[in-house]
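These notes concern the structure reproduced below.
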Amino acid sequence: MHTMNNTVAPKPCLDSTLSLELASFKLSSTLHGFLLSICIVNGLLSVLATLGNSLVLILILKFPSLRTLSNILIFSLALIDVLVGLVVQPAFVVYIAGKMNLVFYCRALLTYLYTEIFCVGLSLITLSLIACERFFAIVYPFKYINYMTKYRLGTIVAVVWAVWLIFNVVCRALRVKNDEFFSPIASGVIGFTLILNIALYFKIFKIIKRHERQIHAQNKVSIEIRARDSRKDDDNSSGQESALSSRETHMARTVAYITGVLVLCYSLLMVTSLADMLIENDAMFDNLLYPLAETATFLNSSLNPFLYCWRCRDLREKIWLVIKGAKYSPSGRLSSPRCTGQKQPDRETSTKREEVHVL
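Using full-length UniProt numbering, you'd call the opening residue of the sequence shown number 1 and step up by one each time.
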């Protein structure tokens with residue numbers, strides 16, 4: 001750690017692609033104000049991301065009705081966002097604050113760089129898992145009910161976390177150079193997940209539109225049958241299919257919103273990285289564009305809890321229960337029409353009822 005007033009050049013940060021900026025950094029009053037605002041914004045976002053996503057994690061753990069298949073993946077995504085708020089952003093703020101005082105904290109720089117890549121990659125991979133889960137539920141509903149269990153999905157999530165963590169740890173432990181191995185593979189994984197998400201959502205919404213047209217046609221027929229006082233079962237079947245289609249559409253759109261916000265927040269960092277390869281102006285990128293792009297990326301972790309609450313009525317209800325201090329039953333069920341009624345031991349019926357609580 002050296003100050004810029006010393007004649008000795010600062011010691012470069014090992015394995016850091018930004019180490020060259022340390023020897024040429026010049027602080028002006030304008031840049032000082034900009035970096036100060038970056039620190040303040042990220043400090044606030046860090047608290048918001050940590051508290052908001054921690055609340056989501058606590059609610060899913062506390063209320064069994066929220067422990068659905070889709071919410072297992074939402075739990076994983078919220079856990080990643082907690083890591084961003086607890087580790088990535090504080091390290092980023094410490095590093096930027098050090099630059100403002102003409103002091104460079106290499107450990108803070110390396111911490112935020114390494115953990116950011118881990119969290120960004122894992123977030124995109126998790127979103128791909130969510131898209132695959134929704135695709136499987138919509139395209140193969142009967143196989144989904146029979147084969148997709150919480151244990152299997154939880155195992156998949158755990159394996160993904162382990163593989164991505166091991167890949168990052170091994171590369172850093174072996175001091176693999178970014179440009180030669182780590183960055184190309186990490187970029188390839190991130191790019192593949194983005195393309196996969198786009199392809200899956202295109203297919204999902206295409207199928208949903210077709211189902212909606214089919215349900216609309218069936219509803220017309222059921223109305224005619226009901227008008228002639230015909231069989232009641234046909235009308236009930238049509239109503240169940242309409243409700244199922246509505247739920248699947250809502251869930252797919254929820255995941256699409258989450259993915260869209262993430263891509264929007266990450267887009268500035270992607271554009272900045274691309275421009276950095278084409279434009280030779282290290283000072284502008286290192287001191288202005290990258291801090292701004294990183295802040296936009298971190299914003300996603302703070303926005304996700306609001307998206308969950310906006311799109312999930314059950315989650316909102318549980319939050320109000322916690323805020324109001326209302327008593328809840330050990331099973332975590334509310335005394336609402338959706339959560340009462342006769343007990344249905346049939347597995348398929350139970351699974352479909354469980355999906356009502358999914359995002």
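Quick reminder that beta carbons are idealized off the backbone N, C-alpha and C, glycines included.
* Asked: Should the stretch 262-270 be regarded as contacting the stretch 312-324, the criterion being three or more beta carbon pairs within less than 8 Å?
  -> Judged by Cβ distances under 8 Å, the stretch 262-270 makes no contact with the stretch 312-324, as fewer than three pairs qualify.
* Asked: Is there contact here, the stretch 42-57 with the stretch 80-93, by at least three beta-carbon pairs under 8 Å?
  -> They touch, by the three-pair rule.
* Short Cβ contact (8 Å threshold) for I72 with V255 -> Counting from 1 along the sequence shown, the entry for residue 72 is found at position 72. Counting from 1 along the sequence shown, the entry for residue 255 is found at position 255. Cβ distance not < 8 Å, so I72 and V255 don't count as in contact.
* To do: Rank T30, A49, V139, L79 by C-alpha distance to the C-alpha of L122 and give the top, closest one.
  => Numbered from its first residue, the sequence shown carries residue 122 at position 122. Taking L122 as reference, the option from T30, A49, V139, L79 with the minimal CA-CA separation is L79.
* Asked: Looking at C-alpha atoms only, which residue of L61, I125, I58 is the closest neighbour of L262?
  -> As a position in the sequence shown, residue 262 is number 262, starting the count at 1. Minimum Cα-Cα distance from L262 among the listed residues L61, I125, I58 corresponds to I125.
* Neighbourhood of N304 by C-beta, 6 Å cutoff - its chain only, sequence neighbours within 5 removed -> Working through the sequence shown from its first residue, we reach residue 304 at position 304. The beta carbon of N304 lies closer than 6 Å to those of D81 in the same chain, with the five residues before and after it left out.
* Would you tell me roughly how many angstroms separate the C-alpha atoms of T30 and I38, rounded to the nearest one? => Numbered from its first residue, the sequence shown carries residue 30 at position 30. Numbered from its first residue, the sequence shown carries residue 38 at position 38. Their backbone Cα atoms lie some 13 Å apart in a straight line.
* As assigned by DSSP and simplified to three states, the class of D276 -> Here residue 276 refers to the residue found at position 276 of the sequence shown. The DSSP-derived three-state label of D276 is helix.
* Would you say P291 and L109 are within 8 Å of each other, going by their C-beta atoms? -> As a working mapping, residue 291 is identified with position 291 in the sequence shown. As a working mapping, residue 109 is identified with position 109 in the sequence shown. Using a Cβ distance threshold of 8 Å, P291 and L109 do not count as a contacting pair.
* To do: Identify which residue in E133, F142, L174 has its Cα closest to the Cα of I156.
  => As a first step, residue 156 is located in the sequence shown; it is residue number 156 there, counting from the start. Nearest in C-alpha terms to I156, of all of E133, F142, L174, is E133.
* Measure from the alpha carbon of I185 to the alpha carbon of each residue in T149, F135, T111, F118, then state which is nearest. => Residue 185 sits at position 185 when you count from the first residue of the sequence shown. Looking at the Cα atoms, F118 is the closest of the given residues.
* What is the rounded straight-line gap between the Cα of Y266 and the Cα of A137? -> Reading the sequence shown from its first residue, position 266 is the one you call residue 266. Reading the sequence shown from its first residue, position 137 is the one you call residue 137. Their backbone Cα atoms lie some 28 Å apart in a straight line.
* Straight-line Cα distance separating L48 from I318 -> Within the sequence shown, residue 318 is the residue found at index 318, counting from 1. Within the sequence shown, residue 48 is the residue found at index 48, counting from 1. Just to set this straight, residue 318 is Lys in the shown sequence, not Ile. The C-alpha of K318 lies about 19 Å from the C-alpha of L48.
* By a C-beta neighbour count over all protein chains shown, 10 Å radius and 16 as the cutoff for buried, is P337 buried or exposed? -> Numbered from 1 along the sequence shown, position 337 holds the residue referred to as residue 337. Only weak support is given to the placement of P337: the predicted model assigns it a pLDDT of 37, under 50, and the question is left unresolved by the model.
* To the nearest angstrom, report how far apart K26 and L57 are at their CA atoms. => In the sequence shown, counting from the first residue as 1, residue 26 sits at position 26. In the sequence shown, counting from the first residue as 1, residue 57 sits at position 57. Cα to Cα, K26 sits roughly 43 Å from L57.
* What do you reckon, are the CB atoms on S301 and N53 nearer than 8 Å? -> Residue numbering aside, residue 301 sits at position 301 when the sequence shown is read from its first letter. Residue numbering aside, residue 53 sits at position 53 when the sequence shown is read from its first letter. Yes, the Cβ-Cβ distance between S301 and N53 is below 8 Å.
* Asked: Quick one: is Y105 buried, meaning 16 or more other Cβ sit within 10 Å of its Cβ, or exposed?
  -> Locating residue 105 in the sequence shown gives position 105, counting from the first residue. Per the 10 Å Cβ criterion, buried.
* Round the Cβ separation of I198 and F135 to the nearest angstrom and send it over; I've been treating them as touching at under 8 Å. => In the sequence shown, counting from the first residue as 1, residue 198 sits at position 198. In the sequence shown, counting from the first residue as 1, residue 135 sits at position 135. Not quite, the Cβ-Cβ distance comes to about 12 Å (not below 8 Å), so this is no contact.
* Just the Cα atoms here: how many angstroms apart are I207 and V139? -> Here residue 207 refers to the residue found at position 207 when the sequence shown is read from its first residue. Here residue 139 refers to the residue found at position 139 when the sequence shown is read from its first residue. Using only the alpha carbons, I get a separation of about 8 Å.
* Which of helix, strand or coil does DSSP assign to N197? -> In the sequence shown, the residue the question calls residue 197 occupies position 197. The three-state secondary structure of N197, taken from DSSP, is helix.
* Exposure of M251, with buried meaning 16 or more beta-carbon neighbours within 10 Å -> Counting from one through the sequence shown, the residue named residue 251 turns up at place 251. Buried, because 16 or more other Cβ atoms sit within 10 Å of the Cβ of M251.
* What three-state label does DSSP hand C312 in the structure shown? -> On the sequence shown, position 312 is the one that residue 312 refers to. If DSSP states are grouped into helix, strand and coil, C312 belongs with coil.
* Asked: Three-state secondary structure (DSSP) at F63?
  -> Working through the sequence shown from its first residue, we reach residue 63 at position 63. Under the three-state reduction of DSSP, F63 is assigned to coil, being neither helix nor strand.
* Over the uninterrupted alpha helix (DSSP H) stretch that includes T68, give me the two end residues. => If you number the sequence shown from 1, residue 68 lands on position 68. That residue, T68, is in no alpha helix (DSSP H); it is neither H nor E in DSSP.
* Asked: If you drop the 5 nearest sequence neighbours on each side, which residues of the same chain put their C-beta closer than 7 Å to that of V84?
  -> As a first step, residue 84 must be located in the sequence shown, where it is residue number 84. In its chain, beyond the 5 residues on either side, A49, C119, F298, S301 have a beta carbon closer than 7 Å to the beta carbon of V84.
* Look at the alpha carbon of T193 and the alpha carbon of V163, and state the distance between them as a whole number of angstroms. => Walking along the sequence shown from the start, residue 193 turns up at place 193. Walking along the sequence shown from the start, residue 163 turns up at place 163. Distance from the CA atom of T193 to the CA atom of V163, rounded to whole angstroms, is 15 Å.
* Minimum C-alpha distance to Y95 - residue among N168, L77, D286, C312 -> Here residue 95 refers to the residue found at position 95 of the sequence shown. For the residues N168, L77, D286, C312, the minimum Cα distance to Y95 belongs to D286.
* Identify, in the order they occur along the chain, each residue of the same chain with its Cβ nearer than 7 Å to the Cβ of S76, setting aside the five sequence neighbours on each side. => The residue you call residue 76 lines up with position 76 of the sequence shown. Around S76: T126, V157.
* Give the C-beta separation of L66 and L59 to the nearest angstrom, bearing in mind that I take them to be a contact with Cβ-Cβ under 8 Å. => Counting from 1 along the sequence shown, the entry for residue 66 is found at position 66. Counting from 1 along the sequence shown, the entry for residue 59 is found at position 59. About 6 Å separates the two Cβ atoms, so the contact holds.
* **Classification of D314 by the beta-carbon crowding that lies within 10 angstroms, buried from 16 upward** => In the sequence shown, the residue the question calls residue 314 occupies position 314. Burial call: buried.
* To do: Please classify A173: is it buried, with 16 or more other beta-carbons within 10 angstroms of its beta-carbon, or exposed?
  => In the sequence shown, counting from the first residue as 1, residue 173 sits at position 173. When all chains shown are included, A173 counts as exposed.
* To do: Quick one: grab the DSSP three-state call for N281.
  => Here residue 281 refers to the residue found at position 281 when the sequence shown is read from its first residue. If DSSP states are grouped into helix, strand and coil, N281 belongs with coil.
* Identify whether L269 lies in helix, strand or coil by the three-state DSSP scheme. => In the sequence shown, residue 269 corresponds to position 269, counting from 1. In the structure shown, L269 sits in a helix (DSSP, three-state: H, G or I).
* Is the beta carbon of N168 less than 8 Å from the beta carbon of Y112? -> Numbered from its first residue, the sequence shown carries residue 168 at position 168. Numbered from its first residue, the sequence shown carries residue 112 at position 112. In this structure, N168 keeps its C-beta atom at 8 Å or more from the C-beta atom of Y112.
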